[in-house]
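Trainee: Okay, handing you the structure first.
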Amino acid sequence: MASTVIGAGITIEGDITTDDDIVVQGTVRGKVTAKEGVTIEHGASVEADVTGSSLTVAGALTGNVNANDRVDLQSGSRVIGNVKAARVTIADGAQFKGNVDMDV
Amino acid sequence: MAAVRTTTRNEEARIGSGARVHGRIHGDGDLVVEGQVEGDVALRGNLTIAAGASVSSEVVEAHAVTIAGSLEGELNASGPVRLAAGARVRGNLRGSAVAIEDGARFTGRLDCEFDLPPELGGAARAEPRPRASSRR
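Protein chains in written order, with my numbering: chain X, 1 to 104; chain L, 1001 to 1136.
Below is the structure:
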């Protein structure tokens, strides 16, 4: 279970930093930094640079991504930004605009 | 709805114990803070500041508010406010009802509509209102 959940009705304008993982169901504008996984669920909207060990996106993300481990853009996700991770998957049905850098 | 305790739903928002938020939080749902929040909070739902959590803001707005951690700033609740044992609150506080439990520390002004009992100055009025004080 994720220790930090930004619920569907919640908007955060600012920076979030956590030692654990984070699940976004609502809206975040600013910066997201997690030591562990970041999940952007379907219906969520994130306008932020995201840093974490891994990132899973099913919602909308505008911002640059830097993941230590992997990034998974699931079907239905919309991502605009540059992605930097050793392993990146982009599922059929995902929208993506930006650069991918897997040379980490 | 007037319950002091926050209901645990699937959509509940939670700032975990290892998390820090620097900025503004607003929205419709309930929020549980176990970590640190620096910035204003405006919720239409209920707010819980768990033990060990700290919130520092200019203004916190929510419905029912339960505090077991620390809060610095003005609290403006449309519902009841409960300061549990171990709570540390510095700032002005407003709620439909306010409960301060034994072991809670509070510094600030308390703005809550209720009638004083006669022995505490309520007798100074021409006629004390018949309505009992809202909650004890």
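Quick reminder that beta carbons are idealized off the backbone N, C-alpha and C, glycines included.
Computed from a predicted structure; not experimentally measured.
Taking Cβ positions only, does I40 of chain X come closer than 8 angstroms to chain L?
Mentor: Here residue 40 of chain X refers to the residue found at position 40 when the first sequence is read from its first residue. With 8 angstroms as the cut-off, I40 of chain X does not count as an interface residue toward chain L.
Trainee: For the beta strand (DSSP E) that E1038 of chain L lies in, which residues bound it at each end?
Mentor: The sequence position of residue 1038 of chain L within the second sequence is 38, counting from 1. Here the beta strand (DSSP E) through E1038 of chain L covers 1036-1038.
Trainee: With D72 of chain X and T89 of chain X assumed to form a contact (beta carbons below 8 angstroms), what rounded beta-carbon distance in angstroms separates them?
Mentor: Reading the first sequence from its first residue, position 72 is the one you call residue 72 of chain X. Reading the first sequence from its first residue, position 89 is the one you call residue 89 of chain X. Yes, D72 of chain X and T89 of chain X are in contact; Cβ-Cβ is about 5 angstroms, under 8 angstroms.
Trainee: Around the C-beta of L1120 of chain L, are 16 or more other C-beta atoms found within 10 angstroms, so that it is buried, or is it exposed?
Mentor: Numbered from its first residue, the second sequence carries residue 1120 of chain L at position 120. L1120 of chain L is exposed by the Cβ-count criterion.
Trainee: Does DSSP put L1116 of chain L in a helix, in a strand, or in coil?
Mentor: Taking the second sequence and counting its residues from 1, one reaches residue 1116 of chain L at position 116. Correct three-state label for L1116 of chain L: coil.
Trainee: Is any beta-carbon of chain L found at less than 8 angstroms from that of A94 of chain X?
Mentor: Your numbering for residue 94 of chain X matches position 94 in the first sequence. No - not a single Cβ of chain L is within 8 angstroms of the one on A94 of chain X.
Trainee: If you run the structure through DSSP and keep just helix, strand and coil, what is V104 of chain X?
Mentor: The residue given as residue 104 of chain X occupies position 104 in the first sequence. In the structure shown, V104 of chain X sits in coil (DSSP, three-state: anything other than H, G, I, E or B).
Trainee: Name the chain X residues that come within less than 7 angstroms of S1017 of chain L, Cβ to Cβ?
Mentor: For the purposes of this step, residue 1017 of chain L is identified with residue 17 of the second sequence, where counting begins at 1. What S1017 of chain L touches in chain X: S3.
Trainee: Let me check understanding here. Comparing Cα to Cα, which of L:S1096, L:A1051, L:V1037, L:L1116 lies closest to V1059 of chain L?
Mentor: By one-based count along the second sequence, residue 1059 of chain L stands at place 59. Considering only alpha carbons, the answer is L:V1037.
Trainee: I'd like the span of the beta strand (DSSP E) that includes S3 of chain X, first residue to last.
Mentor: For this step, residue 3 of chain X is matched to residue 3 along the first sequence. Unbroken run through S3 of chain X: none, as it is neither H nor E.
Trainee: Output, in chain order, the set of chain L residues within a Cβ distance shorter than 8 angstroms of T51 of chain X.
Mentor: Position 51 of the first sequence holds residue 51 of chain X. None at all; the shortest Cβ gap to chain L is about 14 angstroms.
Trainee: Between which residues of its own chain and A1013 of chain L is the CB-CB distance below 8 angstroms, once the five residues before and five after are set aside?
Mentor: For this step, residue 1013 of chain L is matched to residue 13 along the second sequence. Closer than 8 angstroms at the Cβ level, and outside the excluded window around A1013 of chain L, lie G1027, G1029, D1030, L1031, V1032.
Trainee: In the segment 1043-1076 of chain L, which residue ranges form an unbroken beta strand (DSSP E) of at least 3 residues, counting only runs that do not cross its ends?
Mentor: For the segment 1043-1076 of chain L, whole beta strand (DSSP E) runs of length 3 or above, ordered along the chain, are 1047-1049, 1054-1062, 1065-1067.
Trainee: Mind the definition here: the segment 1104-1118 of chain L touches the segment 1087-1094 of chain L only if three or more C-beta pairs lie below 8 angstroms; say whether that holds.
Mentor: Yes, they touch.
Trainee: Using only the alpha-carbon positions, how far apart do H1063 of chain L and N82 of chain X sit?
Mentor: Here residue 1063 of chain L refers to the residue found at position 63 of the second sequence. Here residue 82 of chain X refers to the residue found at position 82 of the first sequence. Straight-line Cα distance between these residues: approximately 40 angstroms.
Trainee: What residues from chain X crowd round G1039 of chain L, counting only those whose CB sits closer than 7 angstroms?
Mentor: The sequence position of residue 1039 of chain L within the second sequence is 39, counting from 1. Near G1039 of chain L (Cβ distances below 7 angstroms), the residues of chain X are G14.
Trainee: Among X:I12, X:S3, X:M102, which residue has its Cα nearest to the Cα of E47 of chain X?
Mentor: Sequence index remark: in the first sequence, residue 47 of chain X carries index 47 (1-based). The residue with the shortest Cα to Cα distance from E47 of chain X is X:I12.
Trainee: Does H1026 of chain L come out as helix, strand or coil in the three-state DSSP assignment?
Mentor: Walking along the second sequence from the start, residue 1026 of chain L turns up at place 26. Of the three classes helix, strand and coil, the one that applies to H1026 of chain L here is strand, per DSSP.
Trainee: With DSSP run on the structure shown, which of helix, strand or coil describes D92 of chain X?
Mentor: Against the first sequence, residue 92 of chain X aligns to sequence position 92. Looking at D92 of chain X - three-state DSSP - the assignment turns out to be coil, as it is neither helix nor strand.
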